[in-house]
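Numbering-wise (the numbering used here), the sequence shown opens with residue 2 and increments by one. Cβ atoms here follow ideal geometry from the backbone N, Cα and C, with glycine treated the same way. I have placed the structure first, in the form of structure tokens, so that the comments after it can refer back to it.
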Amino acid sequence: MSTIAAAGSGKRKARPPKPPKQKLGSLRRKEAVAGYLFISPWIIGFLIFTLGAMVYSLVISFSYYQLATNTARPAGFANYERLLEDPKVMGSLGNTLFYAVLAVPFEIVLALGLAMLLNSVRRGAGFFRTVFYLPKMTPTVATASMFLLLLNGNQGAINRGLAAIGIQGPQWLLDPDWVKPSIVLMTLWGVAGTMVIFLAALQNVPTELYEVAEVDGAGPLRRFWNITLPMISGAVFFNVLVLTIAAFQVFDQAFLLFHRDQVQGASDASLFYAIYLFQQAFRQFDFGFASAMAWLLFVIIVAISLIQVRVGNRFVYYESER
């Protein structure tokens with residue numbers, strides 16, 4: 002009996018001794034210090050060039066600040082009162098809101114469609130993904146120059162294509178009603194970034210769900226609505242949030258198409274908020290008023306983002322909640 006007990010006890014594997022709590026705490030502190038050291042360049046850059054600049058802009062938004070003389074006089078809330086009195090502020094904000102409402106849904110739908118198309122490709126998938134992503138790598142200046150030719154109302158390739166099927170194309174760059182749609186078209190050229198996020202989300206959807214749904218007789222539309230969309234709802238929410246923030250800061254496309262003195266006649270329709278802010282800061286050198294405009298935009302973006310987060314959480318499916 003004692004022999005069996007001894008044999009049984011001999012088969013047990015000895016557990017490795019636990020490290021003392023003091024040593025474990027020391028290791029964690031060393032890892033934390035090493036981590037902070039690695040990210041310290043980013044922290045320093047953020048504190049100086051982002052947070053510091055934001056605080057400084059908030060201070061000068063309450064002053065009359067002129068860059069030429071580097072002098073500032075207290076202004077109180079005068080710059081913020083000008084925001085309500087200047088018609089171009091509300092006009093440019095309206096243009097920006099219209100652009101956001103138009104551009105974000107179009108980019109979401111196009112990016113999701115392209116991602117689903119690429120996700121269905123089996124042979125040569127890497128080649129097609131590279132080809133679809135290449136437009137995103139095109140410099141914005143080159144893209145704007147290309148669209149100046151494509152959107153030319155008289156000899157542009159787009160209007161020529163429409164004329165071939167009996168449709169008279171509009172004056173994209175001159176007609177105020179078509180200025181913002183033309184900027185949306187240019188924005189869609191860089192849809193590949195959003196497409197990649199959707200593609201990654203689609204590839205994480207379990208194939209077993211589609212197989213079960215197909216056995217139950219669900220068609221493609223029902224599979225998309227009941228399986229694909231809920232499973233990628235997190236990616237949809239993320240893209241909508243990021244694209245909305247970017248839309249309220251739109252600058253490059255409109256500036257390069259309409260405010261380089263190459264195209265005339267549509268300045269008011271293409272005057273977005275960020276462009277008017279740029280004009281006040283770097284053409285009029287009214288940094289106090291420009292800072293007030295920047296903080297108004299910041300408050301608007303934060304408010305819209307909070308609303309989207311509150312509403313979006315009701316529709317986003319999280320796998321951990323199953």
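Residues of its chain near residue i, where Cβ-Cβ distance is below 8 Å and the 5 sequence neighbours each way are ignored
i: MET294; result: LEU84, VAL90, TYR274, TYR277, LEU278 and GLN281
i: PHE133; result: LEU115, LEU119, ALA193 and MET196
i: LEU150; result: GLY157 and ALA158
i: VAL180; result: TRP173, LEU174, PHE259, ALA267, ALA270 and SER271
i: ALA214; result: ARG223, ARG224, ASN227 and ILE228
i: PHE99; result: LYS181
DSSP three-state assignment for residue i, whether helix, strand or coil
i: GLN172; result: coil
i: GLN263; result: Bear in mind that a pLDDT of 45 at GLN263, under 50, signals an unreliable position, so the number given afterwards is only what the model happens to contain. DSSP places GLN263 in coil when its eight states are reduced to three.
i: ASP87; result: coil
i: ASP269; result: coil
i: ASP287; result: strand
i: SER121; result: coil
i: GLN156; result: coil
i: PHE107; result: helix
i: PHE299; result: helix
i: VAL317; result: coil
i: ILE166; result: coil
i: PHE256; result: helix
i: PHE50; result: helix
i: TRP190; result: coil
i: PHE78; result: coil
Chain-order list of residues whose beta-carbon lies under 7 Å from that of residue i (same chain, five-residue window excluded)
i: GLY191; result: PRO136 and LYS137
i: GLN204; result: ASN120
i: ILE246; result: ILE302 and SER306
i: MET232; result: VAL206 and TYR318
Whole-angstrom C-beta distance between residue j and residue i, which should lie under 8 Å
i: ALA270; j: ASN153; result: In fact, because the Cβ distance is near 17 Å, the residues do not count as touching under 8 Å.
i: ALA101; j: ALA248; result: 4 Å
i: GLN67; j: PHE286; result: 6 Å
i: ASN240; j: ILE109; result: 6 Å
Extent of the continuous beta strand (DSSP E) run through residue i
i: GLN67; result: 64-67
Spatially closest choice to residue i from the options, by CA coordinates
i: ALA201; options: VAL132, GLY313 and ALA236; result: ALA236
i: THR229; options: ILE246, ALA247, GLU209 and VAL243; result: GLU209
i: PHE78; options: TRP179, LEU257, VAL317 and TRP296; result: TRP296
i: THR139; options: GLY162, ASN160, ARG161 and LEU189; result: LEU189
i: PHE327; options: VAL142, GLY162 and LEU52; result: With the chain running from 2 to 323 in the structure shown, residue 327 is simply not present.
i: GLN250; options: ALA291, PHE299 and LEU174; result: PHE299
i: LEU103; options: SER292, MET187 and GLY218; result: MET187
i: LEU94; options: PHE286, ARG284 and PHE252; result: PHE252
i: MET147; options: LEU242, GLN254 and ARG315; result: GLN254
i: SER62; options: ILE44, LEU52 and TYR81; result: TYR81
Residues near residue i in its chain [Cβ-Cβ closer than 6 Å; skip 5 each side]
i: TYR65; result: ARG74, ALA76 and GLY289
i: PHE238; result: GLY313 and VAL317
i: VAL310; result: none
Opening and closing residue of the alpha helix (DSSP H) in which residue i lies
i: ARG74; result: Run containing ARG74: none in the alpha helix (DSSP H); it sits in the beta strand (DSSP E), 72-75.
i: PRO136; result: 126-138
i: THR195; result: 193-204
i: TYR211; result: 208-216
i: ASN402; result: With the chain covering 2 to 323 only, the question about residue 402 has no answer from this structure.
i: ALA219; result: Run containing ALA219: none; DSSP gives neither H nor E here.
i: ILE61; result: 53-61
i: THR229; result: Taken as a continuous stretch (DSSP letters only), THR229 belongs to no alpha helix (DSSP H), as it is neither H nor E.
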